[in-house]
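Take the sequence shown: its position 269, counting from 1, is numbered 269 in UniProt numbering, and each next residue is one higher.
First up is the structure itself, then whatever we jot down about it.
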Amino acid sequence: MGVVAVTGASSGVGRASALAFARDGATLVLASRSEGALRDVAAECRALGAVVRVVVADVTKAESLKAVVDAFGRVDVWVHTAAVMAYGRFEDVPAEVFDQVITTDLLGAANVARVALACFRRQRSGTLIFGGSLLGTVVTPYTSSYVTSKWGLRALVRALRIETRDAPGIHICLVSPGSVDTPVYRNAANFAGRIGRPPPPIDTPQKVAAAIVRCAHRPRGTVSIGLANRFIQFGFVATPPLYDVLVGPLMRIAGLSREPVAPHDGNVFGPLPPEAEAVSGGRKRSWTRPAGAAVAGLAVAGALAARRRPSR
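Structure, rendered in structure tokens:
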């Protein structure tokens, strides 16, 4: 496996990926803004037998990412999962918060790509795996900055894939899950009045991490994780009016908890204390809740409507 770098390693899918690669025998470079949480993850990885170095880096500052390559002098696989979120209607989210989400989630990914590709070009090999999202292919309300950045990330990945066709040893991959039980929802900036949560059906960070490890061994352009993803995407594309009518109420039911919260910036501008960082957000994987069935049924209803629509 060689040297694996993980940006966003302190929490969620990034943290789960670091542990999965440690079990796989990789040498690790773990990077994020949160030094305390990084050291906790590094200790867990070393306990699994991995050689680990820690780099405190902010993906919005390209110069800080050079230390990731310098840690061992090369990177064979770079996994980028660092991301932040903000909840609220577009007009309620302060402009500086919206802009910072875009800067972190999209321009930060571009910064990682520049450093990683420069390294890979020198080596003539390397795999860059981005953490995408179902929300890079569909739209939900109250998450406009995150959705915008993930749509942009999907375009960036496609462009990079085309531009590296001259380098057969370089692979650009996008792993896109649906809802995943991570702390990102609670740690997000919030101007919606209620704390966010992953709408069911919910997968575990470990499931996504396992897919990332498989992608590192056998690179694939795009990997979708989540049994409902294809149904939701079909509804979004096939019956936009029906999707747009249903997605708002479903998001309010399934994507926002009943727990009230005052407006705050979350971790958008800086890391939270280490205790806020973890692999899991503490929610159960669920297909049985009514909201989960409704979300999955959104596209099914769209498919039925499309089939019944009279031809013209």
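Even glycine gets a Cβ: it sits at the ideal position worked out from N, Cα and C.
Can you have a look at residue i and say buried or exposed, based on whether 16 or more other CB atoms are within 10 angstroms of its CB?
i                 : result
aspartate 105     : buried
aspartate 58      : buried
leucine 128       : buried
phenylalanine 98  : buried
residue 320       : The structure shown has nothing for residue 320, since the chain only spans 1 to 312.
proline 198       : buried
histidine 80      : buried
phenylalanine 21  : buried
alanine 209       : buried
phenylalanine 269 : exposed
glycine 36        : exposed
isoleucine 162    : exposed
proline 273       : exposed
glycine 73        : exposed
glycine 14        : buried
Might you give, ordered along the chain, the residues of its own chain that have their beta carbon closer than 6 Å to the beta carbon of residue i, omitting 5 neighbours on each side?
i              : result
glycine 2      : Asp76
histidine 171  : Thr127 and Pro219
serine 17      : Val6, Val79, Ala209 and Ile212
tryptophan 287 : Reliability fails at tryptophan 287, whose pLDDT of 40 lies under 50, so the model's placement of it is uncertain and the value that follows must be treated cautiously. Pro201, listed in sequence order.
How is residue i classed by DSSP in three states: helix, strand or coil?
i             : result
glutamate 63  : helix
aspartate 40  : helix
glycine 88    : strand
arginine 220  : coil
alanine 26    : coil
alanine 189   : strand
leucine 174   : strand
serine 149    : helix
proline 263   : coil
threonine 103 : helix
leucine 134   : helix
leucine 160   : helix
aspartate 203 : strand
serine 257    : strand
serine 280    : coil
leucine 304   : With a pLDDT of 46 at leucine 304, under the threshold of 50, the modelled position of that residue is not reliable, and the figure given next carries that caveat. Helix at leucine 304.
glycine 196   : strand
arginine 53   : strand
glycine 226   : coil
Quick check on this structure: which residue in the options has the alpha carbon closest to the alpha carbon of residue i?
i                 : options                           : result
alanine 109       : Ser145, Gly132 and Phe269         : Gly132
arginine 89       : Val237, Phe234, Gly248 and Val157 : Gly248
leucine 134       : Leu153, Glu163, Gln123 and Ile253 : Leu153
alanine 42        : Ala62, Ser11, Lys61 and Thr60     : Ser11
threonine 137     : Val237, Val6, Pro271 and Ala5     : Val237
valine 52         : Pro274, Val175, Thr60 and Val68   : Val68
serine 149        : Ala118, Gln100, Ala228 and Val4   : Gln100
lysine 61         : Gly235, Cys173 and Val112         : Val112
alanine 50        : Arg194, Ala31 and Val4            : Val4
cysteine 119      : Tyr142, Asp70 and Ser145          : Asp70
glycine 169       : Arg121, Lys207 and Glu259         : Arg121
aspartate 166     : Ser144, Arg46, Leu117 and Ala155  : Leu117
arginine 281      : Glu259, Pro271, Pro273 and Pro205 : Reading off the sequence, residue 281 comes out as glycine, not arginine. Selected option, being the one with the closest Cα: Pro205.
proline 260       : Cys215, Ile195, Val56 and Arg230  : Ile195
arginine 158      : Ser144, Leu174, Ser145 and Glu63  : Leu174
threonine 222     : Val84, Leu156 and Glu96           : Leu156
phenylalanine 130 : Trp151, Gln123, Ala192 and Ala278 : Trp151
methionine 85     : Pro271, Ala95, Gly8 and Tyr185    : Tyr185
arginine 258      : Gly193, Ala216, Ala47 and Gln233  : Gly193
leucine 65        : Gly8, Leu19, Asp40 and Asn229     : Gly8
Beta-carbon within less than 8 Å of residue i's beta-carbon, same chain only, minus the 5 sequence neighbours each way: which residues are those?
i             : result
aspartate 203 : Pro177, Gly178, Ser179, Val180, Asp181, Ile225, Gly226 and Arg285
Among the residues of its own chain, which have a CB less than 7 Å from the CB of residue i, if the five just before and after it don't count?
i             : result
threonine 140 : Val147, Val247, Met251 and Gly255
alanine 276   : Pro183 and Asn187
alanine 305   : A caution first: alanine 305 carries a pLDDT of 47, below 50, which makes its placement in the model unreliable, though a value can still be read off. Counting only Cβ-Cβ distances below 7 Å, and skipping sequence neighbours, we find Thr239 and Leu242.
leucine 160   : Ala113 and Ile172
glutamine 123 : Arg74
Cβ of residue i versus every heavy atom of the ligand PLP: is any distance shorter than 7 Å?
i            : result
glutamate 91 : Among the components modelled here there is no ligand, and therefore nothing to report on the ligand PLP.
How about residue i: is its C-beta nearer than 8 Å to some C-beta of chain B?
i             : result
threonine 140 : Of the protein chains in the structure, only one exists, and it is not chain B.
At least three beta-carbon pairs within less than 8 Å, the stretch 258 to 266 to the stretch 14 to 27: no
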